[in-house]
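**Q**
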Amino acid sequence: MARKPGSKNEFVLFDVTYEDGSQRSNRRVPKDILEGVDGDEPARTFIESQDHEIAERSGRAMAMIKVLRRSS
21 MARKPGSKNE FVLFDVTYED GSQRSNRRVP KDILEGVDGD EPARTFIESQ DHEIAERSGR
81 AMAMIKVLRR SS
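Listed below in structure tokens is the structure:
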């Protein structure tokens, strides 16, 4: 199936390491929230809100984010 032009770069991928040592790779963050002067801090907020929703649905608490870096 053909892709829409420009749909390739809609997201930025991040690798996340949590306080408990667990890791999640390639967490998708919309590119448009990262275009401000705050650097990658909006990505942390976005991923934390996703984690909160996941924790509510699963009934299991998520650990706090220790390190957040762009995937290479």
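This note's numbering puts the first residue of the sequence shown at 21, with every later residue one more than the last.
We put the beta carbon where it would ideally sit given N, CA and C, even for glycine.
Computed from a prediction, not measured in an experiment: that's the story for all the values here.
1) Provide the residue(s) that pair with leucine 33 in DSSP beta bridges, ordered along the chain.
2) Measure the C-alpha to C-alpha separation of leucine 33 and alanine 81 and round it to an integer number of angstroms.
3) Could you give the first and the last residue of the continuous beta strand (DSSP E) run that contains arginine 77?
4) Hey, how far is the Cα of glycine 56 from the Cα of serine 69?
5) Mark valine 36 as exposed unless 16 or more other C-beta atoms lie within 10 angstroms of its C-beta, in which case mark it buried.
6) Where do the ends of the beta strand (DSSP E) carrying leucine 88 lie?
7) Consider the C-beta atom of alanine 83 and the heavy atoms of the ligand FAD; say whether any pair is separated by less than 8 Å.
**A** The answer reads as follows:
1) Arg48
2) 23 Å
3) Where arginine 77 is concerned, there is no enclosing beta strand (DSSP E), although the alpha helix (DSSP H) it sits in stretches over 61-78.
4) 19 Å
5) buried
6) 85-90
7) This structure does not include the ligand FAD; it has no bound ligands of any sort.
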